[in-house]
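In the working numbering, the protein residues as written are 8 to 254.
This is the structure we're talking about:
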């Protein structure tokens, strides 16, 4: 939906899905599945593993100082884990965006990537190895904001719920996950929007044409000037239901 032209009015998730199915069939809704799985294998594993490692290290230090772990330390663990995981996972993110956007393009302009590895190899061949990190800065910022919202808020919410309320473990976990999912979506959506726009810019554009956006700030400014700040949150609920289950 972030790649769709909204100039002719509001576009709903159902309209986008119907359009994709009508043009290319039901299976095209799973375009980019291999890249999505590869991204979770790299980015998802690293972010959770690093956050757990950092949090345990900070908890051990806090115990040695006879105090409890603070929210700021949990936030630092989430931000650090997100940045490092995103740095390693950006090539898979670029492949995912390109593969998903392929079905939105005219047939003559499609890349027709056969798999995530095929997409990564062709993107690197056509634009150079560094093109795999196109949009790397907003990807890292988005990952930091997502992990700050999801992991840090989840850990802190569980701590505060257990401290002030009497709930079962399952109820506490469900409530903390809901809070973390909302926080992660709200904080990270503008960065996810910009990341998606930048990564979808073709590196194989004609020599006489220029990319729509020169960088992160340029994308922010142009979107705000054209559609206003709320444009970043127009697709909040589809985004929320996409990332909230990860919380």
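Think of the CB as a built atom: it goes at the ideal place given N, C-alpha and C, for glycine as much as any other residue. Since we're looking at a predicted model, the values are computed, not measured.
DSSP three-state assignment for residue i, whether helix, strand or coil
i: residue 219; result: coil
i: residue 26; result: helix
i: residue 137; result: helix
i: residue 154; result: helix
i: residue 254; result: coil
i: residue 145; result: helix
i: residue 249; result: helix
i: residue 232; result: helix
i: residue 120; result: coil
CA-to-CA distance, residue j to residue i, given in whole angstroms
i: residue 171; j: residue 159; result: 18 Å
i: residue 118; j: residue 236; result: 32 Å
i: residue 242; j: residue 55; result: 26 Å
i: residue 175; j: residue 168; result: 10 Å
i: residue 108; j: residue 164; result: 36 Å
i: residue 114; j: residue 30; result: 10 Å
i: residue 147; j: residue 72; result: 32 Å
i: residue 192; j: residue 85; result: 15 Å
i: residue 233; j: residue 188; result: 29 Å
i: residue 106; j: residue 138; result: 15 Å
i: residue 98; j: residue 49; result: 10 Å
i: residue 92; j: residue 130; result: 21 Å
i: residue 95; j: residue 53; result: 9 Å
i: residue 43; j: residue 75; result: 37 Å
i: residue 157; j: residue 46; result: 18 Å
i: residue 61; j: residue 166; result: 17 Å
i: residue 59; j: residue 25; result: 40 Å
i: residue 90; j: residue 120; result: 28 Å
i: residue 39; j: residue 101; result: 11 Å
i: residue 103; j: residue 51; result: 14 Å
i: residue 70; j: residue 111; result: 53 Å
i: residue 7; j: residue 198; result: No information on residue 7 is available, as it lies outside the stretch 8 to 254 that the chain covers here.
Continuous alpha helix (DSSP H) stretch holding residue i: start and end
i: residue 241; result: Per DSSP, residue 241 belongs to no alpha helix (DSSP H) and is neither H nor E.
i: residue 128; result: 123 to 134
i: residue 172; result: Here residue 172 belongs to no alpha helix (DSSP H), and DSSP marks it neither H nor E.
i: residue 83; result: 78 to 109
i: residue 206; result: 176 to 206
i: residue 257; result: Nothing in the structure corresponds to residue 257, since the chain is present only between 8 and 254.
i: residue 46; result: 40 to 46
Quiz item: Are three or more beta carbon pairs between the stretch 163 to 182 and the stretch 241 to 249 nearer than 8 Å?
Solution: no
Quiz prompt | Meets three-Cβ-pair contact criterion under 8 Å: the stretch 119 to 132 and the stretch 60 to 78 | solution = no
Quiz item: Do the stretch 139 to 157 and the stretch 197 to 207 meet, that is, are 3 or more Cβ pairs less than 8 Å apart?
Solution: yes
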